[in-house]
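Okay, so here's the structure we're looking at.
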Amino acid sequence: MLRFAAAALAALTATTALADGNLPDLDGKEVVVATENAYPPLQFIEPGTGTPIGWEYDAVAEIAKRLNFKVVYENTSWDAMIPAVSQEQYDMGMTGITIRDDRKEKVDFSDAYMTSEMIMMVRGDEDRFNDAASFAADEDLLMAAQPGTTPFYVGVYDVLDGNEENARIIKFETFGAGVQALRTGDVDLVLTDSTAGNGYVAASEGALKIVGEKLGTEDFGFIFPKGSELVAPINAAIADMDKDGTLDALNKKWFLDYKLGG
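Residue numbers (mature numbering (1 follows the signal peptide of the UniProt record, and there is no 0)): -19 to -1, 1 to 243.
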């Protein structure tokens, strides 16, 4: 179950407004945002229209409206996003990025805008295992993972043996490719946060299901080059949206009302 974090305001500068609608004005500044468009329902390409949509697009549009800045989106791969943002090729990045200490060495994070749980997604007819221990015990079972992501590291260190080159981990460039491999039987497990996993399961008409206990939680945040002046005002906007119910409304729209593939 998702919970939305209230941003910590103590770190904001004296000129940054509190979450009471009195937010800073960025005077129409252009902000270039990197996105992957491969992580539904946070951000993805809508089937049939080719339009980028999702929770993060709606959230950033609302943040931009409240802070008065213009958003320019540029698509990039996940493995390139953090290095590119750290090198100031983009002003900001979004793709359901887990806030982690090792990443904080390269980029600055916003306050958490969402907390999600790590879950195990399998085919609907899977009966060979029902939790992490029984998956790990069967050497014939394979896991899909996107290198450098939290699900990858959870799979390596919490499910398997700590070997990042374990042959049972089949690596894919995108999360969606791993899910497709699961559907076709090329792999047997996809680890994902509940944000994406529950959406895929709901849209699968029984082809996918969740098994086992939750494997921990993760906080999502936007990323910025180190020292970015955007962090404080965006944190203030996140807090404002949490306070007035906007984040809850986005939660309902994208995780309850919207049906992937519907």
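Glycine included, C-beta positions come from ideal geometry on N, C-alpha and C. Quick caveat, the model's predicted, so the values are computed rather than measured.
- With respect to the C-alpha of Leu48, the residue from Asp6, Arg104, Ile100 and Leu237 having the closest C-alpha is Asp6.
- Segment contact: the segment 120 to 139 against the segment 151 to 167, three or more CB-CB distances shorter than 8 Å; contact assigned.
- Distance from the CA of Thr96 to the CA of Glu55, rounded to the nearest whole angstrom, comes to 25 Å.
- Non-local beta-carbon contacts of Ala177 in its own chain, meaning distances under 8 Å to residues more than five positions away in sequence, involve Tyr20, Pro21, Pro22, Leu23, Gly77 and Phe156 in chain order.
- Selection Tyr181, Lys224, Tyr38 and Val171 evaluated against Leu237 yields Tyr181 as nearest (Cα-Cα).
- Asp106 sits exposed, since fewer than 16 C-beta atoms from the chains shown fall within 10 Å of its C-beta.
- Closest in alpha carbon position to Val66, among Asp167, Phe203, Val192 and Arg104, is Phe203.
- For the pair Glu98 and Lys234, the CB atoms are not nearer than the 9 Å cut-off.
- Per DSSP, the unbroken beta strand (DSSP E) holding Glu11 starts and ends at Lys10 to Thr16.
- Of Phe110, Glu86, Asp83 and Ile34, the smallest CA-CA separation from Met75 is found for Ile34.
- Beta bridge pairing from DSSP links Ile100 with Thr173.
- Rounded to the nearest whole angstrom, the CA to CA distance from Met73 to Asp108 is 43 Å.
- The DSSP assignment places 73 to 75 and 88 to 90 as complete runs of the beta strand (DSSP E) inside the segment 57 to 99, in order along the chain (cut-off: 3 residues).
- Closest option to Asp119, judged by alpha-carbon separation, among Thr130, Arg104, Ile63 and Leu141: Leu141.
- Judged by DSSP in its simplified three-state form, Gln127 adopts coil rather than helix or strand.
- Under DSSP, Ile204 shares a beta bridge with Gly74 and Phe90.
- When secondary structure is reduced to three states using DSSP, Thr198 falls in the strand class.
- By the criterion of a C-beta distance shorter than 6 Å, Leu211 is surrounded in its chain by Phe205, once the five residues flanking it on both sides are discounted.
- From the listed residues Ser175, Ile151 and Glu17, the smallest Cα separation to Asp169 is found for Ile151.
- By the C-beta density criterion, Val103 is buried, having at least 16 other C-beta atoms within 10 angstroms.
- Distances from the alpha-carbon of Gly208 to those of Gly9, Pro28, Ile191 and Phe90 put Phe90 closest.
- When DSSP states are grouped into helix, strand and coil, Ala19 belongs to the strand group.
- Taking C-beta separations shorter than 7 Å and ignoring five residues to either side along the sequence, the partners of Ala117 in its chain run Val140 and Leu141, following chain order.
- A Cβ-Cβ contact shorter than 9 Å links Val171 with Met101.
- DSSP places Leu189 in the uninterrupted beta strand (DSSP E) bounded by Leu189 to Val192.
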